Amino acid sequence: MREIFANWALLPEGWARDVVLTLDGAAIASVAAGPAPADATRVQALIPGMANLHSHAFQRGMAGLAETRGASADSFWTWREVMYRFALALNPEQMQAIAELAYIEMLEAGFTRVGEFHYLHHAPDGSSYADPAEMSLRILAAAQATGLHLTHLPVFYAHSDFGGAAPAPGQRRFLHSPDAFLRLLDTLDARMTRPLDRLGFAPHSLRAATEDEISTLLTARPNGPVHVHVAEQMREVEDCLKAHGQRPVERLLATLPVDARWCLIHATHLTEAERRDVAASGAVAGLCPVTEANLGDGLFPAPEFLSEGGAFGIGTDSNVRIALAEELQVLEYGQRLTRRQRNLLAGGPGSTGGALFRGALAGGAQALAAPPARIAAGAPADLVALHDETGPAPDGDLWLDRWLFGRGVAVETVWCGGVECVSGGRHRDRDRVVAGFRRAVEAIQA
Ligand code: ZN
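Residue numbering for the sequence shown follows the working numbering, beginning at 43 and increasing consecutively.
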């Protein structure tokens with residue numbers, strides 16, 4: 043049994059001082075107050091690991107490569123062209139190498155689980171690999187190699203636009219029939235062997251999957267998380283109105299049984315009625331503030347949604363940057379910039395960092411069907427130690443406020459499933475993984 047002594051620990055009932063944890067394998071065996079045992083690992087502040095509820099790992103390979111302006115105005119849609127060109131070039135080994143770097147960066151940021159929204163299924167010409175699950179198995183291998191918990195979300199993708207439009211050539215690696223997709227999920231049921239990993243699925247969007255197809259999948263897979271991109275862009279809202287006379291979130295809620303197993307990724311563009319209905323559905327809003335800012339998506343109505351009891355979590359999505367603290371910071375700052383007020387997401391008197399962190403912790407675990415993220419006996423030992431290099435060490439929620447909005451507080455150590463993956467802010471395999479990543483992107487760009 044290993045012991046950790048924390049000056050401060052964020053327990054389910056609140057911050058506690060001088061806490062001793064014992065770890066037994068992948069789980070926390072006990073949590074008690076007391077003096078530091080002689081051979082305990084000492085940390086300043088211990089918090090639960092966070093779920094990163096939305097990632098496209100391969101896009102880490104193009105981070106920073108779409109920031110040059112072209113001849114015409116750039117938008118999400120011109121970015122998507124760059125992304126498709128990159129997606130069409132990757133082979134399975136390169137996919138795994140890029141995912142490994144994304145995953146060690148997630149661990150270093152304080153994430154201990156990723157929801158991988160995985161749509162790059164087939165060979166570059168669109169044909170199946172000899173093993174149709176090849177690309178999913180690369181994601182599983184990357185998670186296993188880096189020690190990150192995985193909620194794998196294979197994506198169902200069949201169309202280029204609303205109303206079942208035929209797919210575009212650039213989408214050929216993403217496509218399945220419902221039957222072939224369900225066979226992929228059956229294969230993965232058998233091949234996901236780590237006990238804390240989870241399998242769900244993700245209809246890509248209402249553009250890429252019809253409501254009938256999604257209903258078929260829901261009937262065949264009655265359990266596990268369901269994620270969908272929705273209302274990220276105004277053009278998507280306008281196209282949905284043209285095709286169906288309804289907005290995307292309105293249509294999703296009207297035609298499908300959206301409940302607490304669902305995670306609505308982005309849900310940026312909402313009417314007041316849609317916002318209230320999403321909050322009441324129990325579904326998690328999967329917010330990706332850094333990517334949404336990078337792509338010029340728009341701003342989620344977070345203060346109203348939270349006051350209506352809506353659940354949210356955060357995702358690094360395009361992985362243009364992988365930074366837990368920045369995701370929560372940008373979520374708050376977007377609201378401050380447009381409303382010219384401060385501390386909008388604190389939800390009442392109290393710490394904004396504390397409210398944001400606790401909200402994203404609960405919503406992220408729900409969205410990824412993970413055990414509740416808490417420092418308590420019996421919970422998985424998914425732990426993040428924060429270090430204050432400037433001191434004096436802050437108190438309670440000040441740890442979170444300074445980590446998210448200030449300076450000096452950083453991730454020091456991360457245990458994922460009881461394994462110390464990150465020490466001194468660095469993942470144990472960083473050098474090997476960076477070398478593999480460099481070889482992969484040099485070959486793709488050659
Ligand atoms: Zn996405």
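From the three backbone atoms N, C-alpha and C, an ideal C-beta is built for every residue, glycine too.
Being a predicted model, the structure only gives us computed values, none of them experimental.
Query raised in the report: With burial defined as no fewer than 16 other Cβ atoms inside 10 Å of the residue's Cβ, what is the status of W50: buried or exposed?
Result: Note on W50: 16 or more other CB atoms within 10 angstroms of its CB, so buried under the neighbour-count rule.
Requested in this report: Return the CA-CA distance between P174 and A397, expressed in angstroms with no decimal places.
Outcome: Here the alpha carbons of A397 and P174 stand approximately 43 Å from one another.
Query - Beta-carbon proximity check, Q138 vs A184, cutoff 8 Å - result: Against a cut-off of 8 Å, the Cβ pair of A184 and Q138 comes out as a contact.
Report task. Pull up the DSSP beta-bridge partners for W121, would you. Result -> DSSP lists no partner for W121.
Query raised in the report: Quick one: is N265 buried, meaning 16 or more other Cβ sit within 10 Å of its Cβ, or exposed?
Result: By the 10 Å Cβ count, N265 comes out exposed.
Requested in this report: Apply the 10 Å Cβ neighbour rule to Q408 and answer buried if 16 or more other Cβ atoms are within range, or exposed otherwise.
Outcome: By the 10 Å Cβ count, Q408 comes out buried.
Query raised in the report: Helix, strand or coil: which one does DSSP assign to G401?
Result: Correct three-state label for G401: helix.
Report task. Give me the Cα-Cα distance between F153 and P290, rounded to the nearest whole angstrom. Result -> Approximately 30 Å between the Cα atoms of the pair.
Report task. Can you give me the start and stop residues for the beta strand (DSSP E) that A99 sits inside? Result -> Counting along the chain, A99 sits inside no beta strand (DSSP E), nor does DSSP assign it H or E at all.
Query raised in the report: CB-CB under 8 Å to R24, same chain, minus the five flanking residues each way: which ones, in chain order?
Result: Residue 24 is absent from the model: the chain starts at 43 and stops at 488.
**Report entry** Simplified DSSP state of V453, which is helix, strand or coil
**Finding:** Note: V453 maps to strand in three-state DSSP.
Query raised in the report: Just to check, is the beta-carbon of H163 closer than 7 Å to a non-hydrogen atom of ligand 1?
Result: No, the Cβ of H163 stays beyond 7 Å of every heavy atom of ligand 1.
Query raised in the report: Among G420, A452, A419, which residue has its Cα nearest to the Cα of G433?
Result: Check the Cα spacing between G433 and each of G420, A452, A419: the tightest is with A452.
Query raised in the report: If L65 sits next to M92, beta carbons under 8 Å apart, how far is it from one beta carbon to the other, in whole angstroms?
Result: Their Cβ separation, rounded to whole angstroms, is 19 Å, which puts L65 and M92 out of contact at 8 Å.
Report task. Output the residues surrounding ligand 1, defined as those with a CB atom closer than 6 Å to any ligand heavy atom, in chain order. Result -> Every residue passing the under-6 Å Cβ criterion appears here: H96, H98, F159, H271, I307, D359.
Query raised in the report: If you follow the beta strand (DSSP E) that C305 is part of, which residue opens it and which one closes it?
Result: Segment 304-308, the beta strand (DSSP E) holding C305.
Query raised in the report: Among the residues of its own chain, which have a CB less than 7 Å from the CB of L442, if the five just before and after it don't count?
Result: A distance below 7 Å between beta-carbons, with the five flanking residues on each side excluded, links L442 to the following residues of its chain, in chain order: S393, G395, G396, F399.
Report task. Kindly indicate which residue of R449, A365, L387 has the alpha-carbon position closest to the one of F347. Result -> Restricting attention to R449, A365, L387, the CA atom closest to the CA of F347 is found in L387.
Requested in this report: Note down the Cα distance separating N133 from D203, rounded to an integer number of angstroms.
Outcome: In this model, N133 and D203 are separated by some 27 Å (Cα to Cα).
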